[in-house]
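A.B. asks: A single structure is presented below for examination.
Numbering (the numbering used here), first residue to last: 482 to 857.
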């Protein structure tokens, strides 16, 4: 048996102010186009089963244009597949908090072969594939309505699909532990909610989102987007990449010891990319807040004109509280180090200037490492 696993398509996601010639938000159009690319690629491989592990839509009530495009895309996709099994579960973004509220996912039940689990955990049987699928949507996890994570044993193939955050992915937001899914007992475990591709062994993984559609896309910028192919005979996960609008997190600029002109020169040097109208972030650390408005506006406009969005993230120097007779004053670590070395008693064999420069260089290295490390 072969299966395709995708998740977190977030149709209807919007960001930035740019629009298409037809008036649609450009990022909304991007996300829909990537979804269509995923469906086309999956249809070419012709799997026996397709799993969408939650968050088809970005919001509970997406716009009419998004609903129509999604319905058309999935109807055409299932027509190409001859109505073969497709399981779609509810995610935290597209599921109403109350099960009494109308759920847009119900609209898709009319598409041949598409089976839904929008609110409650349920087992779906596909006798033609000798397969059972245990579908656990986000609502079931949030309401603590989790079933026993074990297959019935009555079918040759068994698949678990679940939308939620695993402890192994983001511990502080954990809703379950991968180990409690009894993944060795399943043919495959398809996880959704975490936006980066993340495998946990031979047969369990987050497929990741198909495009950049989270509140902090910079955490995902270095991980390719895509979907997952799994062949039970091969028994190996394969991430299939998708082309998206480029997301560029440029090298961090450390403004410590540099004047405004030098910072602008580094900004210009960093802003080198091929065509593609990317989404871009430029971080500048140790940058006094008062200088942000003094950056060359013409330079910023020139760079921004070549990007869908150009974000400057300026980070002020981190002060360190130091006590003295008159109370508390603030100093950066660099200032504190320089003042300490200027007053310190050193042996004749130690160069005061060289020691000061060494300390400043080490502090700069630490800041660069911190700036380059994505937050969780």
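Cβ coordinates follow ideal geometry from the N, Cα and C atoms, glycine included. Fair warning: this is a prediction, and the values are worked out from it, not measured in the lab.
Along the chain, where does the alpha helix (DSSP H) that runs through residue 558 open and close?
C.D. replies: 545-561 is the span of the alpha helix (DSSP H), which, as asked, contains residue 558.
A.B. asks: Would a C-beta distance cut-off of 8 Å place residue 612 and residue 587 closer than the cut-off?
C.D. replies: No.
A.B. asks: Give the single residue among 605, 553 and 519 whose Cα lies nearest to the Cα of residue 568.
C.D. replies: Answer by Cα proximity: 605.
A.B. asks: How is residue 818 classed by DSSP in three states: helix, strand or coil?
C.D. replies: Residue 818 falls in the helix class under three-state DSSP.
A.B. asks: Since residue 620 and residue 682 should fall inside the 8 Å C-beta cutoff, what is the C-beta to C-beta distance between them, to a whole number of angstroms?
C.D. replies: Between residue 682 and residue 620 the Cβ distance is about 27 Å, and since that is not below 8 Å, they are no contact.
A.B. asks: Measuring straight from C-alpha to C-alpha, what distance separates residue 699 and residue 754?
C.D. replies: In a straight line, the C-alpha of residue 699 is about 17 Å away from that of residue 754.
A.B. asks: Quick one: is residue 498 buried, meaning 16 or more other Cβ sit within 10 Å of its Cβ, or exposed?
C.D. replies: Classification for residue 498: exposed.
A.B. asks: Assuming residue 494 and residue 694 form a contact by the criterion Cβ under 8 Å, report the distance between their Cβ atoms to the nearest whole angstrom.
C.D. replies: Residue 494 to residue 694, Cβ: 4 Å. Contact.
A.B. asks: Exposed or buried, residue 501, counting other C-beta atoms within 10 Å across all chains shown (16 or more means buried)?
C.D. replies: Result: exposed.
A.B. asks: Going along the chain, which residues of its own chain have a beta-carbon closer than 8 Å to the beta-carbon of residue 661, five neighbours each way excluded?
C.D. replies: Closer than 8 Å at Cβ, skipping near neighbours: 630.
A.B. asks: For a quick check, are the C-beta atoms of residue 639 and residue 667 less than 8 Å apart?
C.D. replies: Their beta carbons are under 8 Å apart, which means residue 639 touches residue 667 by this criterion.
A.B. asks: Looking at the strands, I want to know which residues DSSP matches up with residue 617.
C.D. replies: Bridge partners of residue 617: 643.
A.B. asks: What are the boundary residues of the alpha helix (DSSP H) that residue 751 is part of?
C.D. replies: Per DSSP, residue 751 belongs to the alpha helix (DSSP H) from 741-751.
A.B. asks: In terms of alpha-carbon separation, which member of 838, 836, 716 and 542 lies closest to residue 584?
C.D. replies: Residue 542 is the option with its Cα nearest to residue 584.
A.B. asks: Is the separation between the beta-carbon of residue 795 and that of residue 762 shorter than 8 Å?
C.D. replies: Cβ atoms of residue 795 and residue 762: not closer than 8 Å.
A.B. asks: My understanding is that residue 711 touches residue 486, with C-beta atoms under 8 Å, so please give their C-beta distance in whole angstroms.
C.D. replies: Right, the Cβ-Cβ distance comes to about 7 Å (below 8 Å), so this counts as a contact.
A.B. asks: Using DSSP with H/G/I as helix, E/B as strand and the rest coil, what is residue 676?
C.D. replies: DSSP places residue 676 in coil when its eight states are reduced to three.
A.B. asks: Starting from residue 605 and walking both ways along the beta strand (DSSP E), at which residues does that stretch end?
C.D. replies: Where residue 605 is concerned, the enclosing beta strand (DSSP E) stretches over 603-607.
A.B. asks: According to DSSP, is residue 574 part of a helix, a strand, or is it coil?
C.D. replies: Three-state DSSP puts residue 574 in coil, outside helix and strand.
A.B. asks: Identify which residue in 593, 536, 534 and 575 has its Cα closest to the Cα of residue 558.
C.D. replies: The shortest C-alpha separation from residue 558 is found at 593.
A.B. asks: For residue 486, which beta-bridge partners are listed by DSSP?
C.D. replies: Note: residue 486 sits in a beta bridge opposite 532 and 709.
A.B. asks: Given residue 490, which residues of its chain have a CB within under 6 Å of its CB, disregarding the five upstream and five downstream residues?
C.D. replies: Here the set comprises 516, 537 and 691.
A.B. asks: What are the start and end residues of the alpha helix (DSSP H) that includes residue 781?
C.D. replies: Start and end: 778-785.
A.B. asks: Tell me where the beta strand (DSSP E) around residue 721 begins and ends.
C.D. replies: Looking at the DSSP string, the run of the beta strand (DSSP E) that includes residue 721 is 717-722.
A.B. asks: My understanding is that residue 547 touches residue 603, with C-beta atoms under 8 Å, so please give their C-beta distance in whole angstroms.
C.D. replies: That belief does not hold up - the Cβ atoms of residue 547 and residue 603 are roughly 26 Å apart, past 8 Å.
A.B. asks: In the DSSP assignment, find the unbroken beta strand (DSSP E) run with residue 665 in it and report its ends.
C.D. replies: Neither: residue 665 is in no beta strand (DSSP E) and is coded neither H nor E.
A.B. asks: Is residue 744 near residue 760, with beta carbons less than 8 Å apart?
C.D. replies: It is not a contact, given that the beta carbons lie outside the stated cut-off.
A.B. asks: Can you say whether residue 642 is buried or exposed, counting buried as having 16 or more other CB atoms within 10 angstroms of its CB?
C.D. replies: Answer is buried; the Cβ neighbour count reaches 16.
A.B. asks: Less than 8 Å between the CB atoms is what I'm expecting for residue 670 and residue 685, so what's the real figure, rounded?
C.D. replies: Contact flag correct, Cβ pair sits at about 4 Å.
A.B. asks: Please list the terminal residues of the continuous beta strand (DSSP E) segment that includes residue 700.
C.D. replies: Where residue 700 is concerned, there is no enclosing beta strand (DSSP E), given that its DSSP letter is neither H nor E.
A.B. asks: Just to confirm my understanding: we take residue 822, look at its own chain, exclude 5 residues before and 5 after, and list those with CB closer than 8 Å. What are they?
C.D. replies: 833, 836, 837 and 840.
A.B. asks: State yes or no: is the C-beta of residue 818 within less than 8 Å of the C-beta of residue 519?
C.D. replies: No; because the gap between Cβ atoms is not below 8 Å, this pair is not in contact.
A.B. asks: Since residue 728 and residue 702 are thought to touch, with beta carbons under 8 Å apart, how far apart are those beta carbons, to the nearest angstrom?
C.D. replies: The pair is a contact, with the Cβ atoms about 5 Å apart (cut-off 8 Å).
A.B. asks: Kindly indicate which three-state DSSP category residue 735 falls into: helix, strand or coil?
C.D. replies: If DSSP states are grouped into helix, strand and coil, residue 735 belongs with the strands.
A.B. asks: For a quick check, are the C-beta atoms of residue 618 and residue 599 less than 8 Å apart?
C.D. replies: In this structure, residue 599 lies closer than 8 Å to residue 618 by Cβ.
A.B. asks: Quick one: what's got a C-beta closer than 8 Å to residue 664's C-beta in the same chain, skipping five residues either side?
C.D. replies: Closer than 8 Å at Cβ, skipping near neighbours: 641, 670, 681, 682, 684 and 685.
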